[in-house]
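*Asks:* Sharing a structure, written as structure tokens. Questions coming.
Residue numbers (our numbering): 7 to 165.
And the structure:
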């Protein structure tokens with residue numbers, strides 16, 4: 007197990023390796039996204055949250071995931087274009103990953119170890135969100151249907 011979130015590396019939308027240490031000292035909202043999901047409108051809400059708090063050191067990090075009813079484009083470029091064109095997404099988006107199962111990305115293994123879910127720590131659907139404080143502690147897990155207002159109320163304590 008990782009001793010710190012900041013030891014984990016991910017691939018950005020272009021396939022470049024990025025260390026989460028690059029986000030040390032910032033408040034993070036980490037979310038698994040899916041372009042064809044009924045909850046996709048949350049991308050716009052997440053962008054508003056990102057815009058509102060960006061100058062206070064808050065970053066939304068989006069991780070496309072195709073594990074729930076194949077609701078993500080196969081092509082990374084298509085995902086990026088969709089998110090930008092339809093929801094104005096400018097917050098960092100990354101390569102498509104698995105959030106459960108044998109190919110689960112280390113990031114989600116770590117997040118789920120820090121904040122398990124109800125009955126099971128598995129991610130149950132798209133748009134599950136994790137709030138990380140400035141010290142890299144995973145302080146809250148939000149269900150896919152939790153509103154951005156609910157998230158913002160908790161986020162405000164860490165800004």
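Each residue gets a CB set at the ideal place from its N, CA and C atoms; glycine is no exception.
Below 8 Å on the Cβ atoms is my guess for residue 101 versus residue 17; work out the distance and round it to an integer in Å.
*Replies:* Right, their Cβ atoms sit about 4 Å apart.
*Asks:* Which whole-angstrom value describes the C-beta separation of residue 11 and residue 93, a residue pair presumed to lie in contact below a C-beta threshold of 8 Å?
*Replies:* Their Cβ separation, rounded to whole angstroms, is 26 Å, which puts residue 11 and residue 93 out of contact at 8 Å.
*Asks:* Out of 19, 21, 50, 22, point me to the one whose CA is closest to residue 133's CA.
*Replies:* The shortest Cα separation from residue 133 among 19, 21, 50, 22 belongs to 50.
*Asks:* Can you give, in chain order, each stretch of the beta strand (DSSP E) that sits fully within the stretch 128-160 and has at least 3 residues?
*Replies:* Correct list: 135-138, 144-148.
*Asks:* Taking the beta carbon of residue 66 as the centre, do at least 16 other beta carbons fall within 10 Å, making it buried, or is it exposed?
*Replies:* Buried is the call here.
*Asks:* What whole-angstrom Cβ distance do residue 136 and residue 121 have, given they're in contact under 8 Å?
*Replies:* Right, their Cβ atoms sit about 6 Å apart.
*Asks:* Measure the C-alpha to C-alpha separation of residue 110 and residue 70 and round it to an integer number of angstroms.
*Replies:* Using only the alpha carbons, I get a separation of about 13 Å.
*Asks:* By the three-class DSSP mapping on this structure, what secondary structure does residue 39 have?
*Replies:* Residue 39 falls in the strand class under three-state DSSP.
*Asks:* So the candidates are 47, 159, 59, 36; which of them puts its Cα closest to the Cα of residue 105?
*Replies:* Closest by alpha carbon: 36.
*Asks:* Go ahead and pull the three-state DSSP assignment for residue 58.
*Replies:* Reduced to three states, the DSSP call for residue 58 is helix.
*Asks:* Should residue 68 go down as buried or exposed, given a rule of 16 or more other Cβ atoms within 10 Å for buried?
*Replies:* So residue 68 counts as buried.
*Asks:* What would DSSP say about residue 17, mapped onto helix, strand or coil?
*Replies:* Three-state result, residue 17: strand.
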